[in-house]
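For the sequence shown, the residue numbers in our numbering are 34 to 496.
Positions of the beta carbon are idealized from the N, C-alpha and C atoms, including for glycine.
Just so it is clear, the structure is predicted and the values come from calculations on it, not from any experiment.
Reading through the structure tokens given below for one structure.
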Amino acid sequence: MDECEFVESRFRILDCIPVGVFALKDDFTVVFWNRCLEQWTKINRDEILGHRFDDHFYTLNKPLLRLRLQNIFEGGPPAIFSSQLHQYIVPVVLRSGKMRVQHTIVSAVRDPEDKKFYALFAVQDVTDLTNRIQDYQIAREQAAAEIEERTRVEEELRRQKELFQSVLESLAARIAVLDSQGKILSCNAAWERFASDYGLTHETLGTGANYLQTFLSNSENQRQNLKMYEGLRAVLDGRLEYYQEEYQCHLSSADNWFIMSVTPLVGGTRGAVVAHMDISERKRAEQQIEYLALHDILTDLPNRQLFMDRMTQALVRSKRYRKQAAILYLDLDDFKTINDSLGHQAGDAVLIETARRLKELVRESDTVARIGGDEFAVILLDVQKPADAGLVAEKIARAAAVPIPIGDQQVEVGASIGISMFPKDGTSLASLLKCADSAMYVAKGLGKRSYSFYSQEPVAPDA
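Okay, here's the thing in structure tokens:
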């Protein structure tokens, strides 16, 4: 067996994970090249094993990198080539023509037989994460990428166990290897910490424990646990080739999100590799992005898109329970004059204060939204009679008329309000908005600071 075959037999467990992994001798000869790198680079292992890395790629020719790698070959600590300083170690071109952005960790792995060190490269594709950070500037400096572990395990000789475990310990994912009955054969330190965070002991979730029983004995989130149990069981039984489940759990007084992936062992060995990846930062970033997409940045009120969605839901609910609902459409009086004379900063202050007052005047079940410019809208649910909507409009008109302090000035603003009623004035979103908008212009024609029901006489608030 030549050296490449010898090293490949020891690193075979790395051939199925969705992370690019390759190993170099101290003369930079490639001795391992996993399946993921074959797919990325279109270079088969037969084409690169036994060849020098720089016969194919130039990225490791820099003196500083050479110096750091020499330290690895001497058994030094791991080196991190972050995506910020080194965009890629293995150049891979995307369909867009751009290069994959990579986060690379290089570890010294000692062969237990001849004691020499190899440089083991773990290349993680962080292109999507980097794009998300650049696009939304929310998740900064995060290295959260989804890792789906596909692993191949063969029965290891006693002298290979130390190397196998050291590889497991170098991975950030919480990983355990199960036999066909769900018994944990091996797990890394991250898995042990994961179990400890759940309040579980080594006996219940460590080596030798039955992982399947954990799902059945946990009384919390029974539906979710049963689904994950059935997915894991299906992989162990050979009925599924791969299983993945995204789930939420409560750890350390915070709601965290994880992805559990289950990959069957190959090579005739029955069992599976289970990996848990913390995706909490990604989920929080997605939730923040979604919130910003549906809310007005200035007032923090729902924007037009969210208002339309809430209104659609309100109509469905009102039809189902045969309830009345009201739409109030507001336009601030003389806002343009204030904006032009005092500046946009003063105009923004008026909008923010108006939004605050509106939220204080309605119920939690109602919706206040900024439609655009100086226009606001309110959805009132479960209105007993039109007069109730009129009372709310009366309160809003009075509140809007209260002067707003801007610096050393008191700015007076009013609001003209149009009201449409469901189902009297319409049963569709478009018709109700049109009626409310029409009524608002009728109210404005009265002399501002008034409200009007659709097809009724406008009403000015009492002095």
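Residue i (DSSP reduced to helix, strand or coil)
{"i": "residue 206", "result": "coil"}
{"i": "residue 425", "result": "helix"}
{"i": "residue 509", "result": "Nothing can be reported for residue 509: it is not among the residues displayed for the chain, which extend from 34 to 496."}
{"i": "residue 182", "result": "Because the pLDDT of residue 182 is 47, which lies under 50, any placement of that residue in the model is unreliable, and the question is left without a value."}
{"i": "residue 157", "result": "strand"}
{"i": "residue 96", "result": "helix"}
{"i": "residue 484", "result": "strand"}
{"i": "residue 110", "result": "coil"}
{"i": "residue 242", "result": "coil"}
{"i": "residue 212", "result": "strand"}
{"i": "residue 550", "result": "Residue 550 lies beyond the stretch modelled for the chain, which goes from 34 to 496, so this question has no answer here."}
{"i": "residue 91", "result": "coil"}
{"i": "residue 81", "result": "helix"}
{"i": "residue 54", "result": "strand"}
{"i": "residue 360", "result": "strand"}
{"i": "residue 498", "result": "Since the displayed the chain opens at 34 and closes at 496, residue 498 lies outside it and no answer follows."}
{"i": "residue 229", "result": "helix"}
{"i": "residue 76", "result": "coil"}
{"i": "residue 177", "result": "The predicted model places residue 177 with a pLDDT of 43, which falls under 50 and marks its position as unreliable, so this point remains unresolved."}
{"i": "residue 451", "result": "strand"}
{"i": "residue 419", "result": "helix"}
{"i": "residue 248", "result": "helix"}
{"i": "residue 437", "result": "strand"}
{"i": "residue 189", "result": "Because the pLDDT of residue 189 is 42, which lies under 50, any placement of that residue in the model is unreliable, and the question is left without a value."}
{"i": "residue 331", "result": "coil"}
{"i": "residue 413", "result": "strand"}
{"i": "residue 102", "result": "helix"}
{"i": "residue 391", "result": "helix"}
Endpoints, beta strand (DSSP E) assigned at residue i
{"i": "residue 322", "result": "Where residue 322 is concerned, there is no enclosing beta strand (DSSP E), although the alpha helix (DSSP H) it sits in stretches over 313 to 327."}
{"i": "residue 464", "result": "Here residue 464 belongs to no beta strand (DSSP E); instead the alpha helix (DSSP H) covers 462 to 478."}
{"i": "residue 123", "result": "Looking at the DSSP string, residue 123 is not in any beta strand (DSSP E), and its letter there is neither H nor E."}
{"i": "residue 255", "result": "Element bounds for residue 255: not the beta strand (DSSP E) but the alpha helix (DSSP H), 255 to 269."}
{"i": "residue 374", "result": "Looking at the DSSP string, residue 374 is not in any beta strand (DSSP E); the run it does join, the alpha helix (DSSP H), is 368 to 375."}
{"i": "residue 137", "result": "135 to 143"}
{"i": "residue 444", "result": "442 to 444"}
Sequence-distant residues of the same chain with beta carbon closer than 6 Å to residue i, five excluded per side
{"i": "residue 67", "result": "47, 48, 54"}
{"i": "residue 209", "result": "217, 220, 224, 307"}
{"i": "residue 447", "result": "366, 433, 434, 481, 482"}
{"i": "residue 155", "result": "52, 54, 138"}
{"i": "residue 445", "result": "436"}
{"i": "residue 351", "result": "358, 455"}
{"i": "residue 303", "result": "213"}
According to DSSP, residues forming a beta bridge with residue i
{"i": "residue 309", "result": "207, 293"}
{"i": "residue 165", "result": "Residue 165 pairs with nothing; no bridge assigned."}
{"i": "residue 279", "result": "292"}
{"i": "residue 219", "result": "210"}
{"i": "residue 500", "result": "What is shown of the chain runs 34 to 496, which leaves residue 500 out entirely."}
{"i": "residue 152", "result": "57, 141"}
{"i": "residue 66", "result": "55"}
Residue range of the unbroken alpha helix (DSSP H) whose run includes residue i
{"i": "residue 302", "result": "From DSSP, residue 302 is part of no alpha helix (DSSP H); its letter is neither H nor E."}
{"i": "residue 349", "result": "337 to 354"}
Residue i and residue j closer than 8 Å at C-beta
{"i": "residue 482", "j": "residue 434", "result": "yes"}
{"i": "residue 363", "j": "residue 408", "result": "yes"}
{"i": "residue 388", "j": "residue 337", "result": "no"}
{"i": "residue 158", "j": "residue 135", "result": "yes"}
{"i": "residue 108", "j": "residue 65", "result": "no"}
{"i": "residue 316", "j": "residue 290", "result": "yes"}
{"i": "residue 458", "j": "residue 466", "result": "no"}
{"i": "residue 395", "j": "residue 416", "result": "no"}
{"i": "residue 87", "j": "residue 106", "result": "no"}
{"i": "residue 142", "j": "residue 70", "result": "no"}
{"i": "residue 207", "j": "residue 309", "result": "yes"}
{"i": "residue 288", "j": "residue 277", "result": "no"}
{"i": "residue 484", "j": "residue 476", "result": "yes"}
{"i": "residue 469", "j": "residue 449", "result": "no"}
{"i": "residue 125", "j": "residue 74", "result": "yes"}
{"i": "residue 239", "j": "residue 228", "result": "yes"}
{"i": "residue 462", "j": "residue 345", "result": "yes"}
{"i": "residue 312", "j": "residue 379", "result": "no"}
Same chain, Cβ closer than 7 Å to residue i, five either side skipped, listed in chain order
{"i": "residue 496", "result": "Legend: pLDDT at residue 496 = 43, less than 50; position of this residue unreliable, value from coordinates given subsequently. Correct list: empty, nothing qualifies."}
{"i": "residue 262", "result": "245, 248, 249"}
{"i": "residue 331", "result": "381, 384, 385"}
{"i": "residue 89", "result": "76, 81"}
{"i": "residue 428", "result": "394"}
{"i": "residue 58", "result": "64, 151"}
Cβ neighbours of residue i in the same chain (closer than 8 Å, five flanking residues each side left out)
{"i": "residue 243", "result": "214, 215, 216, 217"}
{"i": "residue 185", "result": "Any answer about residue 185 is weak, because its pLDDT of 47 lies below 50 and its placement is not dependable; what the coordinates show is given next. Correct list, in chain order: 45, 46, 48, 49, 298, 299, 300."}
{"i": "residue 305", "result": "210, 211, 265, 268, 269, 295, 296, 297, 298"}
{"i": "residue 343", "result": "335, 400, 402, 412"}
{"i": "residue 473", "result": "362, 363, 364, 449, 450, 451, 485"}
{"i": "residue 341", "result": "462"}
is_contact[residue i, chain C] using C-beta, thresh 8 Å
{"i": "residue 239", "result": "The question asks about chain C, but that chain is absent: this structure has only one protein chain."}
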